[in-house]
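Since the structure comes first, as structure tokens, the remarks are kept for the end.
There are 2 protein chains.
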Amino acid sequence: MTVADLIARDVRAGTFAPGTWLKQIDLEHRYRFGRPDVRRALDYLAQKRLVQHVPNRGYHVVLPDSDQTAHILELRVILETAAVDSIVAHATPEAIRGIEALARKFDELILHGTVLEQYEANLAFHHELLSLCSNPELLTLVTDLRSRTSSALAGQWSTRARVEQSSREHHQMIKALDARDAQQLKDIITRHIRQPKER
Amino acid sequence: MTVADLIARDVRAGTFAPGTWLKQIDLEHRYRFGRPDVRRALDYLAQKRLVQHVPNRGYHVVLPDSDQTAHILELRVILETAAVDSIVAHATPEAIRGIEALARKFDELILHGTVLEQYEANLAFHHELLSLCSNPELLTLVTDLRSRTSSALAGQWSTRARVEQSSREHHQMIKALDARDAQQLKDIITRHIRQPKER
DNA sequence: TCCGCCAAAATTGGTACCAATATCATGCAT
DNA sequence: ATGCATGATATTGGTACCAATTTTGGCGGA
Numbered sequence: 161m162t163v164a165d166l167i168a169r170d171v172r173a174g175t176f177a178p179g180t181w182l183k184q185i186d187l188e189h190r191y192r193f194g195r196p197d198v199r200r201a202l203d204y205l206a207q208k209r210l211v212q213h214v215p216n217r218g219y220h221v222v223l224p225d226s227d228q229t230a231h232i233l234e235l236r237v238i239l240e241t242a243a244v245d246s247i248v249a250h251a252t253p254e255a256i257r258g259i260e261a262l263a264r265k266f267d268e269l270i271l272h273g274t275v276l277e278q279y280e281a282n283l284a285f286h287h288e289l290l291s292l293c294s295n296p297e298l299l300t301l302v303t304d305l306r307s308r309t310s311s312a313l314a315g316q317w318s319t320r321a322r323v324e325q326s327s328r329e330h331h332q333m334i335k336a337l338d339a340r341d342a343q344q345l346k347d348i349i350t351r352h353i354r355q356p357k358e359r
Numbered sequence: 161m162t163v164a165d166l167i168a169r170d171v172r173a174g175t176f177a178p179g180t181w182l183k184q185i186d187l188e189h190r191y192r193f194g195r196p197d198v199r200r201a202l203d204y205l206a207q208k209r210l211v212q213h214v215p216n217r218g219y220h221v222v223l224p225d226s227d228q229t230a231h232i233l234e235l236r237v238i239l240e241t242a243a244v245d246s247i248v249a250h251a252t253p254e255a256i257r258g259i260e261a262l263a264r265k266f267d268e269l270i271l272h273g274t275v276l277e278q279y280e281a282n283l284a285f286h287h288e289l290l291s292l293c294s295n296p297e298l299l300t301l302v303t304d305l306r307s308r309t310s311s312a313l314a315g316q317w318s319t320r321a322r323v324e325q326s327s328r329e330h331h332q333m334i335k336a337l338d339a340r341d342a343q344q345l346k347d348i349i350t351r352h353i354r355q356p357k358e359r
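Residue numbers (the numbering used here), protein chains in the order written: chain A, 161 to 359; chain B, 161 to 359.
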């Protein structure tokens, strides 16, 4: 696993809170990598907009911007609903079963997993679903976008109720996919991404 | 202007043909920058998928993959048509006039400009049009995607006829925008991006 | 007591150098 | 003559070091 992945994971897990300055020396000792590796990783993450670079100051974890995350979520709605027709067209019974397995994996982790594990299981579910789309670039693009909103992980996934709601929506997606109901699937995905605040 | 921009420009201009190995020493001398700057630029461009990194071999300009570019073009169709409703809603008369000016600028360069100038004028036109969308992230995302397909610049922009067709479509877009005809604008944009091969 | 200035420590970012690896050319054996 | 091994060369990539900038702590003055 690369340095960038390790840092990204720690950012998501909350080890490095938003706004924290990531000092190269600390990262060097923490992950036992050389200075150039650390700097490349920070540049990489800066380009991915997970950290921000300030010349002669260093790199710090980005502060979540609610407007910006809202815009990114809208992009995901656009892209993931656009993928639905192709997904439905390529949804073989085996593929659906594979997705269902990942949904159940997510369900299990609601009770006995850490927030990070839940997050990654959720990622795996959506990744598998989107991989049915005939456009592989869409998958990588959405994956990229998702990685930019997850720093607001604590906010979105805080409550048990919200996670259980996600689980229900996963199974609703599978049901709609099984029924080849594209419009229904689009609606669920839209709700799932937007995560409307309850009442 | 940064090293990455300079390299990117030379790649688009065809100075560095697809497949060419970009040697750090050469770039260092060509642009009069230090080694670390060159390496950062190459890493940056590799992340942007303009060049490819092979460990212990170096960086080479990506070879255009027709399937991949087709997929990226489809993503642009999805995103740019999705932006239309918002664009139409925010199209003030002044904004339309600004876009029209850029379209005319493009027209002029058809006759008296280099291919690179035409390319950049085209970019400016689309950038201005998309900037009307209420979602700024969409603009940056499409700009990013566009930068990945332009290495196939020679292929797409080769003929005078194709460039003039683009010009006509620009003005059709403005007309549809002026008429507040969102569906019409979407159709034109879709054709414009897909650039169907003439019979 | 609080504010501003100055020095010291720490961190970033760049330069030079060196090791590791790949490519190329030459020579040898078949 | 051709294929292969071997050594020379060039390029990449990492290590160590140093300069430049920023931050921190302390001191003096208002």
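Backbone N, C-alpha and C define an ideal beta-carbon position, used for all residues, glycine too.
Consult DSSP for residue i and reduce its assignment to one of helix, strand or coil.
| i | result |
| --- | --- |
| B:L305 | helix |
| A:H220 | strand |
| A:Q355 | coil |
| B:H286 | helix |
| A:L210 | coil |
| B:L166 | helix |
| B:L292 | coil |
| B:P215 | coil |
When you compare the CB of residue i with every CB in chain A, is at least one pair closer than 7 angstroms?
| i | result |
| --- | --- |
| B:L210 | no |
| B:I353 | no |
| B:E297 | yes |
| B:H213 | no |
| B:Q343 | no |
| B:Q184 | no |
| B:H231 | yes |
| B:Q278 | no |
| B:Q332 | no |
Within this structure, are the beta carbons of residue i and residue j separated by less than 7 angstroms?
| i | j | result |
| --- | --- | --- |
| A:H220 | A:Q228 | no |
| A:R209 | A:R308 | yes |
| A:V275 | A:K346 | no |
| B:L305 | B:R354 | no |
| A:Y191 | A:L223 | no |
| B:A321 | B:F285 | no |
| A:S310 | A:D267 | no |
| A:L289 | A:V302 | no |
| A:G269 | A:A281 | The question names Gly, yet the displayed sequence has Leu at residue 269 of chain A. Result yes, Cβ atoms of A:L269 and A:A281 sit closer than 7 angstroms. |
| A:Q344 | A:A336 | yes |
| B:Q207 | A:Q207 | yes |
| B:T226 | B:S294 | Inspection of the sequence shows that residue 226 of chain B is occupied by Ser rather than by Thr. Taking 7 angstroms as the Cβ cut-off, B:S226 and B:S294 do not qualify as a contacting pair. |
| A:A164 | A:V248 | no |
Quick one: using the 10 Å Cβ neighbour count with 16 as the cut-off for buried, is residue i buried or exposed?
| i | result |
| --- | --- |
| B:A230 | exposed |
| B:Q278 | buried |
| A:T241 | buried |
| B:V214 | exposed |
| A:R172 | buried |
| B:L360 | Only positions 161 to 359 of chain B appear in this structure, which leaves residue 360 of chain B out of reach. |
| B:D203 | buried |
| B:E297 | buried |
| A:M333 | buried |
| B:H250 | exposed |
| B:A168 | buried |
| A:N216 | exposed |
| B:H330 | buried |
| B:A144 | Since the first residue of chain B shown is 161 and the last is 359, residue 144 of chain B is not available in this structure. |
| A:R359 | With a pLDDT of 48 at A:R359, under the threshold of 50, the predicted position of this residue should be treated as unreliable, though the coordinate-derived value follows. Per the 10 Å Cβ criterion, exposed. |
| A:H138 | Outside the shown range of chain A (161 to 359) lies residue 138 of chain A, about which nothing can therefore be said. |
Taking CB distances under 7 angstroms as the criterion, tell me whether residue i reaches chain B.
| i | result |
| --- | --- |
| A:E234 | yes |
| A:A242 | yes |
| A:N216 | no |
| A:I238 | yes |
| A:H287 | no |
| A:Q207 | yes |
At least three beta-carbon pairs within less than 8 angstroms, the stretch 243-259 of chain A to the stretch 188-208 of chain B: no
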